[in-house]
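Student: Take this structure, written in structure tokens, and hold onto it; I'll ask about it next.
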Amino acid sequence: MRNLNGKKKKYEKQLRKEEALQKKKQKKAKRRKNREYTIVSYFFVLIFVSLIGYMAYFNIWERDAITSSPYNSRQNQAEDRIVRGSILSSNGQALAYTQVDDQGNETRIYPYGNMFAHVVGYEANGRNGLESLANSSLMSTHHEYVDRLKNEILELKNPGDNVVTTLNTRLQEVAYNALGGYNGAVVVMDPKTGAVLASVSKPDFDPNTVEANWDSLVNDSTNSSLLNRATQGAYPPGSIFKIVTALTYLREHGTLDDFSYNCTGSITQEGHTIPCIYGEVHGQVDFTTAFAESCNTAFVQMGLDLGADAIQETAEDLLFNQELPISLDYRKSTIDLKESEGIPFLMQSSIGQGTTLVSPMHMAMIVSAIANGGELMEPYYIDHVENDAGDVVKTTSPSTYKELMSESEAETLKNLMAEVVNSGTGTQLSGESYSAAGKTGSAEYEGSDGSIQTHSWFVGFSNVEDPDLVVAVIAEGAGTGSKVALPIAHEIFNAYYYG
Numbered sequence: 015m016r017n018l019n020g021k022k023k024k025y026e027k028q029l030r031k032e033e034a035l036q037k038k039k040q041k042k043a044k045r046r047k048n049r050e051y052t053i054v055s056y057f058f059v060l061i062f063v064s065l066i067g068y069m070a071y072f073n074i075w076e077r078d079a080i081t082s083s084p085y086n087s088r089q090n091q092a093e094d095r096i097v098r099g100s101i102l103s104s105n106g107q108a109l110a111y112t113q114v115d116d117q118g119n120e121t122r123i124y125p126y127g128n129m130f131a132h133v134v135g136y137e138a139n140g141r142n143g144l145e146s147l148a149n150s151s152l153m154s155t156h157h158e159y160v161d162r163l164k165n166e167i168l169e170l171k172n173p174g175d176n177v178v179t180t181l182n183t184r185l186q187e188v189a190y191n192a193l194g195g196y197n198g199a200v201v202v203m204d205p206k207t208g209a210v211l212a213s214v215s216k217p218d219f220d221p222n223t224v225e226a227n228w229d230s231l232v233n234d235s236t237n238s239s240l241l242n243r244a245t246q247g248a249y250p251p252g253s254i255f256k257i258v259t260a261l262t263y264l265r266e267h268g269t270l271d272d273f274s275y276n277c278t279g280s281i282t283q284e285g286h287t288i289p290c291i292y293g294e295v296h297g298q299v300d301f302t303t304a305f306a307e308s309c310n311t312a313f314v315q316m317g318l319d320l321g322a323d324a325i326q327e328t329a330e331d332l333l334f335n336q337e338l339p340i341s342l343d344y345r346k347s348t349i350d351l352k353e354s355e356g357i358p359f360l361m362q363s364s365i366g367q368g369t370t371l372v373s374p375m376h377m378a379m380i381v382s383a384i385a386n387g388g389e390l391m392e393p394y395y396i397d398h399v400e401n402d403a404g405d406v407v408k409t410t411s412p413s414t415y416k417e418l419m420s421e422s423e424a425e426t427l428k429n430l431m432a433e434v435v436n437s438g439t440g441t442q443l444s445g446e447s448y449s450a451a452g453k454t455g456s457a458e459y460e461g462s463d464g465s466i467q468t469h470s471w472f473v474g475f476s477n478v479e480d481p482d483l484v485v486a487v488i489a490e491g492a493g494t495g496s497k498v499a500l501p502i503a504h505e506i507f508n509a510y511y512y513g
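Taking my numbering, the leading residue of the sequence shown gets 15, the next gets one more, and so forth.
Given below as structure tokens:
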């Protein structure tokens with residue numbers, strides 16, 4: 015009997031053990047199953063969140079670009095319902111508007127013709143310039159609600175919204191006329207806000223006849239008239255690059271006071287000679303004098319001492335080889351100072367020759383940062399959008415893009431550029447009721463006939479203590495900077511201050 019009870023207890027114990035083991039297995043299986051459900055749930059939550067983020071990105075950041083795209087078929091639907099709005103200057107002058115005749119035929123009119131051709135652009139044969147950038151606004155309508163409903167019922171088109179730009183017709187006209195028969199570009203900016211006040215490019219075209227002249231324009235390989243040289247031009251900077259070399263020296267040494275150089279009119283290294291312009295002998299110069307007189311030999315020696323890597327690093331800090339915050343089509347500025355290219359290449363690159371290329375718009379941005387205490391404001395062309403009654407729909411708020419340099423660095427460069435006007439190559443700007451600062455440049459290049467020719471550059475700003483206006487000018491093949499580009503800038507400054 016005792017053995018029987020013992021066996022029974024042993025059996026019950028074994029049974030409980032097996033039941034516990036079974037429960038443990040069931041719990042493990044349940045946890046495994048729950049884990050699988052959890053992973054699947056997280057996966058679907060991730061997809062859902064990603065979809066929301068994707069939609070938000072396109073609706074917030076890419077909406078205007080997608081809506082404005084000439085490949086967007088929805089634009090055709092908008093054209094059936096809306097008369098394209100006008101593009102206006104900052105003082106309300108029509109730069110582009112749509113004329114509707116008695117039969118309802120629409121014609122896009124550009125009252126200023128060639129003058130605003132590149133910046134305003136054209137609407138035929140694919141949109142370009144502000145016609146493309148502002149397309150979504152021009153093809154939207156905030157017309158009075160009741161009238162809008164009435165027009166829709168009667169199958170009449172509603173007027174599109176008008177885009178008011180930052181462009182100043184007076185400054186644009188002066189810049190356009192001052193550039194005259196030279197190919198090149200002029201950019202005028204407000205350094206405190208980033209507003210683009212004028213943008214000229216030549217050779218130009220008449221946007222009123224783009225459709226009729228399309229074949230000849232797109233096949234114009236000699237003049238490239240459709241190219242906006244202000245933002246898409248790529249030029250050797252020549253002596254205006256000395257701004258970059260000067261900043262590199264300042265960053266490496268912390269001061270300019272320790273610099274001294276004896277200019278004998280030329281410098282030779284490894285059989286390669288670079289002269290000062292016209293072979294001028296500047297003698298013993300400090301940094302300020304070397305910059306003001308644009309002494310090539312001093313800056314070549316400076317570049318040799320600094321080295322390629324330091325100059326390249328500073329240039330990239332100033333957005334060379336970088337994407338630029340420009341809303342119109344543009345070309346990146348490039349620099350590639352490889353040590354393997356050798357001493358002669360570094361000598362050339364130190365004074366803006368070599369293979370370095372820059373656009374007038376980019377140089378205007380660099381000078382704007384100098385004028386604005388090192389802070390670059392994001393360039394913009396559209397001030398606000400308004401409906402056909404003049405009620406504001408949306409406004410552009412000035413915004414900081416990036417600090418390109420410290421405030422003390424900007425102040426040092428500002429003083430150097432002021433001395434160019436006070437005693438150097440830019441003295442033509444002195445003696446006015448306003449103060450000015452700048453840098454002239456003469457950039458050599460090989461012409462189509464193999465001869466060496468020179469682009470004329472000027473970059474600078476007015477009212478040195480509290481800058482108002484930044485101007486960048488290039489005149490292709492025109493000679494030295496002080497000969498052509500500087501007088502063009504002078505006319506623009508005078509128009510701004512004297513009306």
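Cβ coordinates follow ideal geometry from the N, Cα and C atoms, glycine included.
If the criterion is Cβ atoms closer than 9 Å, does the pair residue 227 and residue 220 meet it?
Tutor: Taking the first residue of the sequence shown as 1, we reach residue 227 at position 213. Taking the first residue of the sequence shown as 1, we reach residue 220 at position 206. Against a cut-off of 9 Å, the Cβ pair of residue 220 and residue 227 comes out as a contact.
Student: When you compare only the Cα positions, how much space is there between residue 387 and residue 123?
Tutor: Taking the sequence shown and counting its residues from 1, one reaches residue 387 at position 373. Taking the sequence shown and counting its residues from 1, one reaches residue 123 at position 109. About 41 Å.
Student: Less than 9 Å between the C-beta atoms of residue 252 and residue 489, yes or no?
Tutor: Against the sequence shown, residue 252 aligns to sequence position 238. Against the sequence shown, residue 489 aligns to sequence position 475. Not a contact, by the Cβ cut-off of 9 Å.
Student: What are the residues that DSSP puts in a beta bridge with residue 111?
Tutor: For this step, residue 111 is matched to residue 97 along the sequence shown. BP columns for residue 111 point to 123.
Student: Which full runs of the alpha helix (DSSP H) of 4+ residues lie inside the segment 408-472, going along the chain?
Tutor: 421-437
Student: Can you tell me whether DSSP reads residue 282 as helix, strand or coil?
Tutor: Your numbering for residue 282 matches position 268 in the sequence shown. In the structure shown, residue 282 sits in a strand (DSSP, three-state: E or B).
Student: Return the CA-CA distance between residue 320 and residue 214, expressed in angstroms with no decimal places.
Tutor: Position 306 of the sequence shown, counting from 1, holds the residue named residue 320. Position 200 of the sequence shown, counting from 1, holds the residue named residue 214. Near 36 Å, if we compare the C-alpha coordinates of residue 214 and residue 320.
Student: Do you know offhand how far residue 37's Cα is from residue 28's?
Tutor: Counted from its first residue, the sequence shown places residue 37 at position 23. Counted from its first residue, the sequence shown places residue 28 at position 14. About 14 Å.
Student: Looking only at its own chain, which residues have a Cβ that is under 7 Å from the Cβ of residue 376, when we skip the five neighbours before and after it?
Tutor: Residue 376 sits at position 362 when you count from the first residue of the sequence shown. Within the same chain, 333, 338, 347 come within 7 Å of residue 376 by CB-CB distance, once the 5 residues on both sides are set aside.
Student: Would you call residue 373 buried or exposed, if buried means 16 or more other Cβ atoms sit within 10 Å of its Cβ?
Tutor: Numbered from its first residue, the sequence shown carries residue 373 at position 359. Under the 10 Å beta carbon count, residue 373 is surrounded by 16 or more other beta carbons and is classified as buried.
Student: Under a Cβ-count criterion, where at least 16 other Cβ atoms within 10 Å of its own Cβ denotes burial, should residue 117 be classed as buried or exposed?
Tutor: Sequence index remark: in the sequence shown, residue 117 carries index 103 (1-based). Result: exposed.
Student: Which full runs of the beta strand (DSSP E) of 3+ residues lie inside the segment 341-420, going along the chain?
Tutor: 389-391, 396-400, 406-409, 414-417
Student: Should residue 65 be labelled buried (16 or more other beta-carbon atoms within 10 Å of its own) or exposed?
Tutor: Working through the sequence shown from its first residue, we reach residue 65 at position 51. If you draw a 10 Å sphere on the C-beta of residue 65, you find fewer than 16 other C-beta atoms in it, and that means exposed.
Student: Closer than 8 Å is the cut-off here; do at least three beta carbon pairs connect the segment 287-305 with the segment 405-423?
Tutor: no
Student: Would you tell me roughly how many angstroms separate the C-alpha atoms of residue 431 and residue 135, rounded to the nearest one?
Tutor: Looking up residue 431 in the sequence shown gives position 417. Looking up residue 135 in the sequence shown gives position 121. Residue 431 and residue 135: Cα-Cα distance of roughly 34 Å.
Student: May I ask you to list the residues that DSSP assigns as paired with residue 488?
Tutor: Here residue 488 is taken as the residue at index 474 of the sequence shown, counted from 1. Partner(s): 199, 471.
Student: Can you grab the Cα-Cα spacing for the pair residue 443 / residue 153, in whole Å?
Tutor: Translated into the one-based positions of the sequence shown, residue 443 becomes position 429. Translated into the one-based positions of the sequence shown, residue 153 becomes position 139. Roughly 45 Å separates the two Cα atoms.
Student: Can you round the beta-carbon distance between residue 397 and residue 179 to whole angstroms, since I take them to be within the 8 Å contact cut?
Tutor: Counting from 1 along the sequence shown, the entry for residue 397 is found at position 383. Counting from 1 along the sequence shown, the entry for residue 179 is found at position 165. Their Cβ separation, rounded to whole angstroms, is 6 Å, which keeps residue 397 and residue 179 in contact under 8 Å.
Student: Put residue 211 into one of helix, strand or coil per three-state DSSP.
Tutor: Indexing the sequence shown from 1 puts residue 211 at position 197. Three-state DSSP puts residue 211 in a strand.
Student: At a cut of 8 Å, does the segment 275-293 reach the segment 241-252 through at least three beta carbon pairs?
Tutor: no
Student: Tell me residue 96's beta-bridge partners as DSSP assigns them.
Tutor: Numbered from 1 along the sequence shown, position 82 holds the residue referred to as residue 96. According to DSSP, which records beta bridges pairwise, residue 96 is partnered with 172.
Student: Considering only residues of the same chain and omitting the five flanking positions on each side of residue 439, which have a CB-CB separation below 6 Å?
Tutor: Position 425 of the sequence shown, counted from the first residue, corresponds to residue 439. Counting only residues of its own chain and dropping the five nearest sequence neighbours on each side, residue 439 has a CB closer than 6 Å to the CB of 308, 454, 496.
Student: Following the continuous alpha helix (DSSP H) through residue 165, name the residue where it begins and the one where it ends.
Tutor: Looking up residue 165 in the sequence shown gives position 151. Where residue 165 is concerned, the enclosing alpha helix (DSSP H) stretches over 159-167.
Student: Looking at the structure shown, is residue 178 part of a helix, part of a strand, or coil, going by DSSP?
Tutor: On the sequence shown, position 164 is the one that residue 178 refers to. Of the three classes helix, strand and coil, the one that applies to residue 178 here is strand, per DSSP.
Student: The alpha helix (DSSP H) with residue 263 in it runs from where to where?
Tutor: Counting from 1 along the sequence shown, the entry for residue 263 is found at position 249. Element bounds for residue 263: 256-267.
Student: In angstroms with no decimal places, state the Cα-to-Cα distance between residue 272 and residue 260.
Tutor: Within the sequence shown, residue 272 is the residue found at index 258, counting from 1. Within the sequence shown, residue 260 is the residue found at index 246, counting from 1. The alpha-carbon atoms of residue 272 and residue 260 are separated by roughly 13 Å.
Student: Would DSSP call residue 105 helix, strand or coil?
Tutor: One-based indexing of the sequence shown puts residue 105 at position 91. Residue 105: coil per DSSP, three-state reduction.
Student: Run through DSSP, which three-state label would residue 276 get?
Tutor: Reading the sequence shown from its first residue, position 262 is the one you call residue 276. Of the three classes helix, strand and coil, the one that applies to residue 276 here is strand, per DSSP.
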